[in-house]
Amino acid sequence: MRRAKAYLLVLMGVASVLLGGCSGSSKANMEEAAEQPAVVDYTCISNPESDKQIYVILKNYHGAYWEKVIDGITEAAKKLDEAVYLGGIDNETDISGQIDLMNQAMEQGADGILLAPADSNSLADSCQKVREKDIPVVLIDSSINSSEFDACYMTDNIDAGEMAAKEMLELLYDAGNSPTDPLEVGIQLSSDSSQAMVNRVSGFLNFWAGNAPEQWEIVQDIRVNGGDTKKAQSDASALLRENADIKGFFGCNNTSTVGIVNTLLKEERTDVVLVGFDLADETKQMLQNPEYHAVTVLQKQDQMGYLGMLSLNSLIKGEKSEQKYFDTGVIMVDSDYLMENAVS
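Numbering-wise, the sequence shown is residues -28 to -1, 1 to 316 according to mature numbering (1 follows the signal peptide of the UniProt record, and there is no 0).
Right, dumping it as C-alpha cells:
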C-alpha cells in the first residue's frame, strides 16, 4: 500500500511541476528567448538543384548530441535525390522560432519535413497544418501530443527512464549508502514541455517509487535549464547547497548531464553518484575517473537522423508504413564499456 501511494504522489508531484514549470525557470527562459531569438536559418546541405525539397528543423545546435544527429542526417542526405535544407533553433525554449521555420518550409515548397520538436504541445498545430497540405512529417528525438505525423524515430523514453532509476539505485548502494539513512536524488532536464523529457522523468519515478528504500527521496525542486550547460551547472551547485542529503543526480539529457558533471568535478563531490544521458567529453572524463560513481544512457541519435531521413524519402515517393513509432534503442555506458570499446 505504501508503494502504491508513493507512486501516485510522486507522479502527481512531477506532473504538476512539469506542467507548471520547474523552479520558475521555464517561464524565465521562454521570456529570455522571446527577447533574443535564436533561429538558425536554413542552409542547403545536399542537391541544391533538385526540384524536391526536404526541410530539417532541429531544436538545438549545442553539443555532441546534436552534432551526432546532424551526422546521421548528412549521411542520409548523400543517398537521397531531394535537396536537403538544414535549420532549427539554438535555444530549446524558442518555440516561436521553430514554428516560424515550419511556416517557412511550407511557404518555400517543402515536399517533406523532418522535425525534432522542442515543444510537444505547441508544435502539434504546425504539424497538422503541414499534413493538411499533404506534406509528410517525420519526427526525431521526441514526439508531439497528437497523431499529426507520419513516423517518429526516438528512444523509448519511459523504458530508458526506468533503466536510469535501476542504475541509480545500484550506484547508490555501490557507493556505500545505507537504505536506512536519509538520502535525496536531484533531477535536471532541458525542457518541461518535451514529451521525451517528461517520459524519462515519469519512467524514472515509476521505478523509483516501487523499488527505492523508504528513506530515499526525490528532491521536489526539479530544475529546467533550457538546454543551457552553464545554467545546468549553476542549478546543480544550487541543489547541492540547498539539499544536504543529496547523494545522486539524474541528468535527463546531454546538457543537464554535462552541467552536473562540471559541478561534481569542480566541487570534488565523489560522494554523489550520477546517472546521465548521452556521452559528451566531460561525461567521459567522469566515467574514466575511478573516484566517481557514474553511468550514462547513450542514445543512438545518429540513427534517429539517418533513419528519419530515409523514412521521409520513402513517404515523399508515396510509400506508406503502418508503424508510426520506431525505438532506436539505448546503450548503458560505464567505465568498463569505454575500455572494452576503446572509447577515449
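Here a beta-carbon is modelled for each residue, glycine too, at the ideal position from N, C-alpha and C.
Rank the options by C-alpha distance to the C-alpha of residue i and give the top, closest one.
i, options, result
"residue 173", "206, 129, 143, 202", "129"
"residue 161", "146, 287, 250", "250"
"residue 292", "211, 191, 112, 107", "107"
"residue 71", "241, 49, 97", "97"
"residue 284", "34, 55, 16", "55"
"residue 21", "53, 200, 244, 29", "53"
"residue 277", "240, 12, 36, 46", "46"
"residue 64", "254, 263, 275, 227", "227"
"residue 125", "85, 193, 115", "115"
"residue 198", "91, 299, 155", "91"
"residue 154", "211, 259, 212, 216", "216"
"residue 74", "49, 105, 271", "105"
"residue 188", "167, 241, 141, 269", "141"
"residue 271", "37, 264, 156", "37"
"residue 275", "298, 131, 212", "298"
"residue 231", "242, 94, 255", "255"
"residue 213", "241, 152, 19", "241"
"residue 81", "201, 27, 266", "27"
"residue 12", "24, 25, 23, 57", "57"
Quick check: the Cα distance between residue i and residue j, rounded to an integer number of angstroms?
i, j, result
"residue 322", "residue 289", "Given that the chain is displayed from residue -28 to residue 316, the structure contains no residue 322 and the question cannot be resolved."
"residue 175", "residue 137", "8 Å"
"residue 144", "residue 150", "9 Å"
"residue 273", "residue 209", "29 Å"
"residue 59", "residue 32", "10 Å"
"residue 179", "residue 83", "42 Å"
"residue 296", "residue 101", "19 Å"
"residue 99", "residue 109", "7 Å"
"residue 159", "residue 191", "7 Å"
"residue 184", "residue 39", "36 Å"
"residue 248", "residue 239", "18 Å"
"residue 16", "residue 236", "41 Å"
"residue 113", "residue 163", "13 Å"
"residue 286", "residue 29", "19 Å"
"residue 134", "residue 302", "12 Å"
"residue 314", "residue 203", "32 Å"
"residue 86", "residue 279", "11 Å"
"residue 1", "residue 311", "At residue 1 the pLDDT is 40, less than 50, meaning the model places this residue with poor confidence and gives no usable figure here."
"residue 157", "residue 166", "22 Å"
"residue 122", "residue 269", "27 Å"
"residue 44", "residue 51", "12 Å"
"residue 93", "residue 195", "20 Å"
"residue 76", "residue 69", "11 Å"
"residue 186", "residue 218", "15 Å"
"residue 131", "residue 177", "11 Å"
"residue 152", "residue 267", "24 Å"
"residue 95", "residue 111", "11 Å"
"residue 200", "residue 207", "11 Å"
"residue 263", "residue 139", "17 Å"
Assuming the contact rule is C-beta atoms closer than 8 Å, residue i and residue j should be a hit. Round their C-beta distance to whole Å, please.
i, j, result
"residue 67", "residue 10", "That pair is no contact at about 11 Å."
"residue 229", "residue 223", "3 Å"
"residue 225", "residue 169", "7 Å"
"residue 103", "residue 79", "About 16 Å; that fails the 8 Å criterion."
"residue 147", "residue 245", "5 Å"
"residue 234", "residue 205", "5 Å"
"residue 49", "residue 281", "7 Å"
"residue 181", "residue 35", "Actually they are not in contact, since the Cβ atoms of residue 181 and residue 35 sit about 31 Å apart, beyond 8 Å."
"residue 260", "residue 307", "6 Å"
Could you name the residues that DSSP lists as bridge partners for residue i?
i, result
"residue 124", "111, 297"
"residue 270", "303"
"residue 25", "55"
"residue 18", "56"
"residue 160", "195, 223"
"residue 248", "268"
"residue 30", "60"
"residue 155", "188"
"residue 102", "DSSP, once it has assigned bridges, lists no residue as partnering residue 102."
"residue 12", "60"
Only counting runs of 4 or more residues, tell me where the alpha helix (DSSP H) segments fall wholly within the stretch 162 to 230, in order along the chain. 167 to 183, 201 to 214
Along the chain, which unbroken stretches of the beta strand (DSSP E) at least 3 residues long are found entirely within the stretch 54 to 90? 55 to 61, 84 to 87
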